[in-house]
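If you read the sequence shown in my numbering, its first letter stands for residue -4, the second for the next number, and so on.
Worksheet: the structure to be examined is printed underneath.
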Amino acid sequence: MTTPENVNCGKLYGVGVGPGDPELLTLKAQRILQQVPIVCVPQAETSTDSYALNIVREFLDRETQEIMRIPFPTDDEDAAGDVWRHAAEMVAERLNAGQDAAFITEGDPMLYSTFSYVLESIRANHPNIPVEIVPGVSSVMAAAASAVAPLVTHGQRLAILPAVYGIDDLREAIANYDTIVLMKVNRTLLQALANLEKLGLAGKGIYVRRASTDRERVVQDLQQLTEEDLDYFSLLIIRK
Ligand SMILES: C[S@@+](CC[C@H](N)C(=O)[O-])C[C@H]1O[C@@H](n2cnc3c(N)ncnc32)[C@H](O)[C@@H]1O
C-alpha cells in the first residue's frame, strides 16, 4: 500500500530462491531479482560463500546491481540480536533513501529463515517501509520430491522440527504426528539416528542431502550414511 509517508521509500522484497536448482526459482523471484538495484545476501561470519547467492548468480547483473552482504552470527546467540538490528539498519538506510532491495533466502523466506530476524526489526523500527514476500520452494518440499516420498496424505499430520531437539521431543512428535521432518541435522545427525533406533523407528527415516543440486544424495538405508553426508544442507524425513 502506498501512503504519503512511504511514497519515496523503496520496497523490501523477501525472496525465496528455492533449494538449490536455479530452475526452481519462481518467475516472480527472477523478475524481481533482475529489477532491484540492491540484492541483500545473508552470509555466515565463518564463510566466504553464500548458498543462496550461488543459486541466483546467473540472473544478476554485476555491473548494475549491488550485492550487499549481511553477515550473520553462527554461534553467539547473545550477540545475535544486535547483529540483526545492525543488519536491518543497513538495509533500512538504503530503503529509506528510495532504493528497492531484495533479501534472498534459500528455500522459502517464511520457514527457519535468516530473513525473519531482519523483517522483524524492520517492521518494528521502520513501519513505513513496504514489504513484499515472494515464496520459494522449501527444502522440505524439494527433499520429499527427491525421495519420491509423499510427506502426508488424507488426514495425516506433519511436523517440522529443527534437529536440536532431543529424544523426548522426538518421542512426543512421533506420538502426535504421522511424518516428522528434522531440519538442521548435520551436527546432531548421529544422535538423531540413535534416537530413531531407540524409538523403534529404524528403517523409517530418509536422509536427503542438497536436494535438487548436483550434490544431491538420498539415503533410504541410514546405515549407509558416511562422514561426507554430514552436511548443513540436509534433512531427515521420518514416516511412521
Ligand atoms: C536455516 S534453514 C532454511 C530453510 C529454508 N528457509 C527452506 O525453506 O528450506 C536451513 C536448513 O534447511 C535445510 N535445507 C536447505 N536446503 C536444503 C537442501 N537443498 N536439501 C536438504 N536440506 C536443505 C537443511 O536442514 C538446513 O540445515
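For each residue, glycine too, the CB sits at the ideal point set by N, CA and C.
Do you know whose CA, among Ala82, Val147, Ile62, lies nearest Met136's CA? As a first step, residue 136 is located in the sequence shown; it is residue number 141 there, counting from the start. When only C-alpha atoms are compared, the closest one is Val147.
Going by C-alpha to C-alpha distance, which of Val78, Ile117, Thr174, Met63 sits closest to Val126? For this step, residue 126 is matched to residue 131 along the sequence shown. Of Val78, Ile117, Thr174, Met63, the residue nearest in Cα terms is Ile117.
Can you tell me which of Tyr172, Gln60, Pro68 puts its alpha carbon nearest to the alpha carbon of Tyr112? Taking the first residue of the sequence shown as position 1, residue 112 is located at position 117. Selected option, being the one with the closest Cα: Pro68.
Three or more C-beta pairs under 8 Å: does that hold for the segment 2 to 15 against the segment 100 to 112? Contact holds: three or more Cβ-Cβ distances are below 8 Å.
Between Asn181 and Ser229, which are expected to be in contact by the criterion C-beta below 8 Å, what is the C-beta distance as a whole number of angstroms? In the sequence shown, residue 181 corresponds to position 186, counting from 1. In the sequence shown, residue 229 corresponds to position 234, counting from 1. About 6 Å; that satisfies the 8 Å criterion.
Whole-angstrom Cβ separation of Ala119 and Ala206, contact assumed at under 8 Å? Counted from its first residue, the sequence shown places residue 119 at position 124. Counted from its first residue, the sequence shown places residue 206 at position 211. Between the beta-carbon of Ala119 and that of Ala206 there is about 34 Å, and that puts the pair past the 8 Å contact cut.
Identify the continuous beta strand (DSSP E) that holds Glu127 and give its terminal residues. For the purposes of this step, residue 127 is identified with residue 132 of the sequence shown, where counting begins at 1. Its beta strand (DSSP E) spans residues 126 to 129.
Count the other C-beta atoms from every protein chain shown that fall within 10 angstroms of the C-beta of Pro104, then say buried if there are 16 or more, exposed otherwise. Indexing the sequence shown from 1 puts residue 104 at position 109. Pro104 comes out buried.
When the distance is taken between beta carbons, is Ala158 closer than 9 Å to Ala187? Here residue 187 refers to the residue found at position 192 when the sequence shown is read from its first residue. Here residue 158 refers to the residue found at position 163 when the sequence shown is read from its first residue. Cβ distance < 9 Å, so Ala187 and Ala158 count as in contact.
Which residues does DSSP pair with Thr174 in a beta bridge? Taking the first residue of the sequence shown as 1, we reach residue 174 at position 179. Paired residue(s): Leu153, Arg234.
Measuring only the C-alpha atoms, how far is Ala154 from Thr221? To locate residue 154, count along the sequence shown from 1; it is residue 159. To locate residue 221, count along the sequence shown from 1; it is residue 226. Thr221 has its alpha-carbon roughly 26 Å from the corresponding atom of Ala154.
By Cβ distance, which residues of its chain are closer than 6 Å to Gly200, with the 5 residues on each side in sequence left out? As a working note, residue 200 is residue 205 in the sequence shown. Excluding sequence positions up to five before and after Gly200, its CB lies within less than 6 Å of the CB of Leu191, Leu217, Leu231, Ile233, all in the same chain and listed in chain order.
Alpha carbon of Pro66 to alpha carbon of Leu177, nearest angstrom: Numbered from its first residue, the sequence shown carries residue 66 at position 71. Numbered from its first residue, the sequence shown carries residue 177 at position 182. In this structure, the straight-line span from the alpha carbon of Pro66 to that of Leu177 is close to 26 Å.
Contact test: Ala137 Cβ vs ligand 1 heavy atom, cutoff 8 Å: Taking the first residue of the sequence shown as 1, we reach residue 137 at position 142. Indeed, a heavy atom of ligand 1 lies less than 8 Å from the Cβ.
Note down, in chain order, each residue of its chain lying with its Cβ closer than 7 Å to the Cβ of Trp79, except the 5 sequence neighbours on either side. Here residue 79 corresponds to residue number 84 of the sequence shown, with the count starting at 1. Closer than 7 Å at the Cβ level, and outside the excluded window around Trp79, lie Tyr112, Val113, Ser116.
Could you check what DSSP says for Leu217 in three-state terms: helix, strand or coil? Walking along the sequence shown from the start, residue 217 turns up at place 222. Residue state, collapsed to three classes: helix.
In chain order, which beta strand (DSSP E) runs of at least 3 residues are fully inside the segment 179 to 230? Counting whole runs of 3 or more residues, the segment 179 to 230 contains the beta strand (DSSP E) stretches 200 to 204, 212 to 214.
Tell me the residue span of the beta strand (DSSP E) that contains Phe67. The residue you call residue 67 lines up with position 72 of the sequence shown. For Phe67, the enclosing beta strand (DSSP E) has its first and last residue at 61 to 67.
Per DSSP, which one or two residues make a beta bridge with Tyr8? Position 13 of the sequence shown, counted from the start, is the residue given in the question as residue 8. For Tyr8, which the question treats as bridged, DSSP gives the partners Ala97, Glu127.
Thinking Leu194 and Ile169 are a contact (beta carbons under 8 Å), I'd like their distance in whole angstroms, please. Here residue 194 corresponds to residue number 199 of the sequence shown, with the count starting at 1. Here residue 169 corresponds to residue number 174 of the sequence shown, with the count starting at 1. The Cβ separation is near 6 Å, so the contact holds.
Three-state secondary structure (DSSP) of Gly13: Here residue 13 corresponds to residue number 18 of the sequence shown, with the count starting at 1. Gly13 carries a strand assignment under DSSP once its states are collapsed to helix, strand and coil.
Tell me which residue opens and which closes the beta strand (DSSP E) that Ala137 is part of. Translated into the one-based positions of the sequence shown, residue 137 becomes position 142. Segment 134 to 142 is the alpha helix (DSSP H) holding Ala137; no beta strand (DSSP E) there.
Pull up the distance between the alpha-carbon of Arg210 and that of Gly15, whole angstroms please. Residue 210 sits at position 215 when you count from the first residue of the sequence shown. Residue 15 sits at position 20 when you count from the first residue of the sequence shown. Each residue's Cα considered, the two are about 10 Å apart.
Gln29: which of Asp44, Thr41, Pro37, Val51 sits nearest, CA to CA? Sequence index remark: in the sequence shown, residue 29 carries index 34 (1-based). Residue Val51 is the option with its Cα nearest to Gln29.
His121: buried (16+ other C-beta within 10 angstroms of its C-beta) or exposed? As a working note, residue 121 is residue 126 in the sequence shown. By the neighbour-count definition (other C-beta atoms within 10 Å, threshold 16), His121 is a buried residue.
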